[in-house]
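Reviewing the structure listed below.
Protein chains: 2
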Amino acid sequence: MLMKSTPAATIHRLDKPHPCDVCFQSRFCLPIALPADELNRMRDIMQNTVRLAKGERLFESGQSMEKVYSVHAGSFKSVVGSPDGRQQIVGFHVPGELMGLEGFSTRVYMTDALALEDSEACEIDVRTLENTARELPTLQHQIHCLIGNRLARAQQDQFVLGSMQADERLARFLLDLSERYKARGLSPDAFVLRMSREEIGSYLGLKLETVSRLMSRFHQAGLVQVAQRQVRITDRDGLEELLSHEA
Amino acid sequence: MLMKSTPAATIHRLDKPHPCDVCFQSRFCLPIALPADELNRMRDIMQNTVRLAKGERLFESGQSMEKVYSVHAGSFKSVVGSPDGRQQIVGFHVPGELMGLEGFSTRVYMTDALALEDSEACEIDVRTLENTARELPTLQHQIHCLIGNRLARAQQDQFVLGSMQADERLARFLLDLSERYKARGLSPDAFVLRMSREEIGSYLGLKLETVSRLMSRFHQAGLVQVAQRQVRITDRDGLEELLSHEA
DNA sequence: CGTTGATTTGAATATCCTCAACGTGCGTGG
DNA sequence: CCACGCACGTTGAGGATATTCAAATCAACG
Chain A
19 MLMKSTPAAT IHRLDKPHPC DVCFQSRFCL PIALPADELN RMRDIMQNTV
69 RLAKGERLFE SGQSMEKVYS VHAGSFKSVV GSPDGRQQIV GFHVPGELMG
119 LEGFSTRVYM TDALALEDSE ACEIDVRTLE NTARELPTLQ HQIHCLIGNR
169 LARAQQDQFV LGSMQADERL ARFLLDLSER YKARGLSPDA FVLRMSREEI
219 GSYLGLKLET VSRLMSRFHQ AGLVQVAQRQ VRITDRDGLE ELLSHEA
Chain B
19 MLMKSTPAAT IHRLDKPHPC DVCFQSRFCL PIALPADELN RMRDIMQNTV
69 RLAKGERLFE SGQSMEKVYS VHAGSFKSVV GSPDGRQQIV GFHVPGELMG
119 LEGFSTRVYM TDALALEDSE ACEIDVRTLE NTARELPTLQ HQIHCLIGNR
169 LARAQQDQFV LGSMQADERL ARFLLDLSER YKARGLSPDA FVLRMSREEI
219 GSYLGLKLET VSRLMSRFHQ AGLVQVAQRQ VRITDRDGLE ELLSHEA
C-alpha cells in the first residue's frame with residue numbers, strides 16, 4: 019500500500035488491486051486515482067463479479083433494475099427490442115464501461131445485455147451506489163460523468179445512423195473501436211472484432227451483406243487488412259477522410 | 019399554501035407556483051409532488067429564467083458546461099454537428115425536460131440547443147445541483163431518473179434510425195409527440211408542430227421531401243389530418259399498426 | 001400584390017436491401 | 001487424421017426504398 023501526495027488530495031494505490039478497481043480507474047473520467055478512503059468505499063459497493071459464457075445474458079429488458087454492471091473483462095452488447103420482434107444493437111461495451119444505466123429512468127432495464135465472448139462484469143447495487151455517492155462527492159461526480167458519457171455516445175450514434183452513409187458508418191465504427199482499444203492500452207491498429215458482421219450491421223443500421231462488402235472494399239482500397247475478424251488498420255488517414263463525405 | 023398527507027411523506031403544493039416548479043413536478047419521474055423542505059431547496063437552485071426568441075441559441079457545442087437547462091415554456095432542439103458541417107437533430111424538448119445533460123461527461127456541451135419558438139428555460143447551476151443533491155436524496159434520485167430517461171430515449175431513437183423504415187419512423191414520431199403533449203395535459207390528438215419538415219427529417223434521418231410525401235400519404239390514408247404544421251390524429255390505431263412492420 | 005421561405009409533388013437516380021449461391025473456418029465424430 | 005456439418009462470411013444480380021433535382025404551390029408578411 020503506497021500513499022502519494024498531490025495538491026488536491028491523498029491518492030491511494032493498491033499493490034494488489036481489487037479486480038474491479040481497474041473499471042473505476044481506467045474509465046472514470048476524473049480523477050484517475052482516488053483518495054484512499056473513497057477508493058475503499060467504492061470497493062465495498064462492487065462486490066460480486068459475474069462470469070458469463072459467450073452468448074449468455076446479464077440482464078434483460080423489462081426486468082426491475084437493481085444493479086448496474088461494470089464490464090471487467092471481455093465484451094458485451096446492448097440490444098433494444100420491439101414488440102414485433104425486431105432487434106437493434108445500441109452499443110458494444112468493453113472493460114471499464116457501465117451497462118444498464120438507462121434503467122435509472124423507470125428502474126426497469128430497457129435493453130438486453132449479452133456477452134459477446136466469455137466475460138466478467140462487476141455488479142453494483144444501485145441503492146448502495148446512490149447512498150454512498152451522497153457521502154463521496156468524487157463518486158457522485160464520476161457517476162454523472164459516466165452516464166453523461168453514455169448519453170454523449172448515444173447521441174453520436176444517432177448522428178451516425180441519421181446522417182452518414184454506409185461506408186462512413188463502417189469507417190467510423192472501426193476508428194471508434196480503435197480508439198477504445200487504444201484507451202485500454204491495446205494496439206489501436208490491430209485488433210480482433212468480437213462481434214459478427216450481422217452484429218456490426220445491426221449496430222450501424224445496415225445489413226450484414228453491406229458490412230461484408232464494405233469490408234472488402236476497404237481492404238481493396240488499402241485502408242485496412244481484414245481476414246475474418248482480424249483487422250489491421252493500414253491507412254488511418256484514408257479512413258478518416260471517408261468521414262468527411264469524400265467518396 | 020396547502021398541505022396534503024400521503025402514506026410516504028408530507029406533500030407540498032404552492033398556490034402560486036414558482037415558474038420552474040412545473041418542470042420538476044411534471045416531468046420528474048417520482049414522486050410527482052415533493053416534501054415541502056426539499057421543494058424549497060430545489061427552487062433555490064433554479065434561479066434564472068432565460069428567455070429566447072425563435073432561433074436563438076441557449077448553448078453551443080464546445081462550450082464549457084456549467085449549467086443544465088430545464089425547458090420552462092416553448093420548445094427546443096438539440097443539434098449534433100460534425101467537422102464537415104453536417105448537422106443532425108438528436109432531440110426535441112418540451113417543457114419539463116432537461117437539456118445539456120450529455121455535458122456531464124467532459125463538462126463540455128456536445129450539442130447546440132436552439133429555440134424552435136419564443137421560449138423560456140430555467141438555468142440550473144451544475145455545481146449547486148450536485149451539492150444540493152448530496153443533501154436531498156429525492157433530488158439525487160430524480161437527477162438520475164431524468165438523465166436515465168434521456169438515455170433511454172436516445173437508445174429508442176437509435177432503434178428508430180437503425181431498424182425502422184421511413185413511414186414507421188414518422189408514425190412513431192407523431193405518436194411520440196402526441197404522448198408527450200398528453201403528459202403535459204394538452205390534447206394528444208390535435209397539436210401544432212413546432213418544427214419544419216426539414217427538422218423532422220433531420221431528426222428521423224430522412225430528407226424533407228420524404229417527410230412531406232409521407233405526411234401526404236398518411237393524410238390520404240385517413241390516419242391524420244395535416245394542414246401545414248397543424249396536425250390531428252384521426253386513426254391512432256392505424257398509426258400504431260404501421261409500427262409493427264405492416265405496410 | 002409581390003417577395004420570401006416553406007411545403008408539396010413528380011421523375012429519374014443512387015444507395016442499400018433481398019435473395020441466392022458459393023467459400024471458408026472450425027469443431028465433432030467417424 | 002480426415003470428412004462432414006454448421007455457422008459465418010463473401011460475392012453477385014436484381015429490386016425496393018429513399019434521395020436528388022426540378023418545378024409548382026402555398027402561406028406569411030411587408
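Those sequence lines, one after another, are chains A and B.
First residue of the first sequence: 19, per my numbering; consecutive thereafter.
First residue of the second sequence: 19, per my numbering; consecutive thereafter.
Ideal placement from N, C-alpha and C gives every residue a C-beta, glycine not left out.
Is residue i helix, strand or coil by DSSP?
i             : result
residue 262/B : coil
residue 246/A : coil
residue 267/A : A question about residue 267/A goes unanswered here, because the residues of chain A that appear run from 19 up to 265.
residue 169/A : helix
residue 71/B  : coil
residue 222/B : helix
residue 185/B : helix
residue 253/A : coil
residue 135/B : coil
residue 241/B : coil
residue 78/B  : coil
residue 207/A : coil
residue 61/A  : helix
Quick check on residue i: buried or exposed, where buried means 16 or more other Cβ atoms within 10 Å of its Cβ?
i             : result
residue 155/B : exposed
residue 66/B  : exposed
residue 167/A : buried
residue 185/A : buried
residue 178/A : buried
residue 75/A  : exposed
residue 78/A  : exposed
residue 248/B : exposed
residue 253/B : exposed
residue 180/B : buried
residue 158/A : buried
residue 71/A  : exposed
residue 205/B : exposed
residue 246/A : exposed
residue 160/A : buried
residue 136/B : exposed
residue 55/B  : exposed
If I'm right that residue i touches residue j with Cβ under 8 Å, what's the distance once you round it to whole angstroms?
i             : j             : result
residue 176/A : residue 176/B : 6 Å
residue 202/B : residue 86/B  : Contact doesn't hold; Cβ gap of about 20 Å is too wide.
residue 199/B : residue 110/B : The pair is not a contact, with the Cβ atoms about 12 Å apart (cut-off 8 Å).
residue 128/B : residue 94/B  : In fact, because the Cβ distance is near 15 Å, the residues do not count as touching under 8 Å.
residue 132/A : residue 213/A : So it is not a contact: roughly 10 Å between Cβ atoms.
residue 108/A : residue 96/A  : 5 Å
Quick one: is residue i near chain B, going by C-beta distance under 7 Å?
i             : result
residue 9/A   : Residue coverage of chain A in this structure runs from 19 to 265, which leaves residue 9/A outside it and unanswerable.
residue 190/A : no
residue 213/A : no
residue 98/A  : yes
residue 262/A : yes
residue 177/A : yes
residue 49/A  : Unreliable placement is indicated for residue 49/A, whose pLDDT of 40 sits below 50; no coordinate value is reported for it.
residue 169/A : yes
residue 102/A : yes
Does the beta carbon of residue i come closer than 7 Å to any beta carbon on chain A?
i             : result
residue 91/B  : no
residue 237/B : no
residue 166/B : yes
residue 44/B  : Its pLDDT being 43, under 50, residue 44/B is placed unreliably by the model, and the measurement read from it follows with that caveat. By this cut-off, residue 44/B is not an interface position.
residue 230/B : no
residue 172/B : yes
residue 106/B : yes
residue 223/B : yes
residue 198/B : no
residue 115/B : no
residue 259/B : no
residue 122/B : yes
residue 180/B : yes
residue 119/B : yes
residue 111/B : no
Return yes when at least one heavy atom of the ligand SAM lies under 6 Å from the C-beta of residue i, else no.
i            : result
residue 64/A : Summarising the ligand content, the structure contains no ligands, and the ligand SAM is consequently not present.
Quiz prompt | Within the region 80–133 of chain A, ranges of the beta strand (DSSP E) (whole runs, at least 3 residues) | solution = 85–91, 94–99, 105–111, 130–133
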